[in-house]
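Enquirer: Please find one structure pasted underneath; my questions will follow.
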Amino acid sequence: MYKYADWHTFFCNESTAFLRIPLRAHTNSNNLRSHVGEIKAEAQETWRKLWTHSDKAGHLRRILSREGTEAGPKLYNNIADRRSVLTLVQLRTGYCALNKYLHRIGKKDSPKCTCTHGIESVEHYLLDCPKYQVQRAELREAVNPGDITVAKLLENCKTFKHTMEYIRATGRMEDRET
Ligand SMILES: [Zn+2]
11 MYKYADWHTF FCNESTAFLR IPLRAHTNSN NLRSHVGEIK AEAQETWRKL
61 WTHSDKAGHL RRILSREGTE AGPKLYNNIA DRRSVLTLVQ LRTGYCALNK
111 YLHRIGKKDS PKCTCTHGIE SVEHYLLDCP KYQVQRAELR EAVNPGDITV
161 AKLLENCKTF KHTMEYIRAT GRMEDRET
């Protein structure tokens, strides 16, 4: 088990420090509101740096090469809560709390999914893992038509809203290691 703060720490300490989006405890709603503004500003800067660091942006570029994909500030500013912004950045870059990445940074012994059907990558988690068939059926229906791809699920606010529902329903990206 590890706390979200720990996850955030190793996330930020990776060579991807430019992905940092500050996460702090909020004691009241005013703090949170002002922090959302900071998050959005930082998300824009994060996006700009991601885009200009071509060696880090391959995964992202593949997604964005699709016509109709909403780009950085527009997309990030349309996503109200900081957790969703962070999740989106993580999934788009592959730097997320799934075993493929956790294994790469030494936090997991194996990159394999607990379903035993392969490596737990973003693609496996979103599209293939048999553990989440029920949640995926709902996602597929919401996104409609049925042909879902990683790029489609992460490409714009309208679709990503449903992807976030899937993520919440699976509980896989929660604050704990499973
Ligand atoms: Zn699996």
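Residue 153 in my numbering sits at position 143 of the sequence shown, and the numbers go up by one each step. Here a beta-carbon is modelled for each residue, glycine too, at the ideal position from N, C-alpha and C.
1) Could you pull the start and end residues of the alpha helix (DSSP H) that LEU164 belongs to?
2) Tell me which same chain residues have a C-beta within less than 6 Å of the C-beta of ALA179, skipping the five on either side of it?
3) If you draw a straight line from the alpha carbon of ASN109 to that of ASN154, how long is it in whole angstroms?
4) For THR169, is the classification buried or exposed, using 16 other Cβ atoms within 10 angstroms of its Cβ as the cut-off for buried?
5) Note down the Cα distance separating LYS128 from LYS118, rounded to an integer number of angstroms.
6) Does any CB atom of chain D fall closer than 8 Å to the CB of GLU151?
7) Quick one: grab the DSSP three-state call for HIS36.
8) In angstroms with no decimal places, state the Cα-to-Cα distance between LEU101 and VAL132.
9) Assuming THR97 and ILE177 make a contact with CB atoms under 8 Å, what is their CB distance in whole Å?
10) With 16 as the cutoff for other CB atoms within 10 Å, does THR173 come out buried or exposed?
11) If distances are taken between C-alpha atoms only, which option among CYS123, TYR105, LYS171, SER94 comes closest to GLU148?
12) Measuring alpha carbon to alpha carbon, tell me which of TYR111, TYR142, GLU151 ends up nearest CYS125.
13) Tell me which same chain residues have a C-beta within less than 8 Å of the C-beta of ASP138, skipping the five on either side of it?
14) With 16 other CB atoms within 10 Å as the buried threshold, where does GLU151 fall?
Expert: On the basis of the data shown:
1) Counting along the chain, LEU164 sits inside the alpha helix (DSSP H) bounded by residues 160-164.
2) GLN145
3) Rounded to the nearest angstrom, the two C-alpha atoms are 28 Å apart.
4) buried
5) What sits at residue 128 in the sequence shown is Gly, not Lys. Their backbone Cα atoms lie some 15 Å apart in a straight line.
6) Among the chains of the structure shown, chain D does not appear; only one protein chain is present.
7) With a pLDDT of 43 at HIS36, under the threshold of 50, the modelled position of that residue is not reliable, and no figure is offered here.
8) Going from the Cα of LEU101 to the Cα of VAL132 covers about 6 Å.
9) 6 Å
10) buried
11) LYS171
12) TYR142
13) HIS127, GLY128
14) exposed
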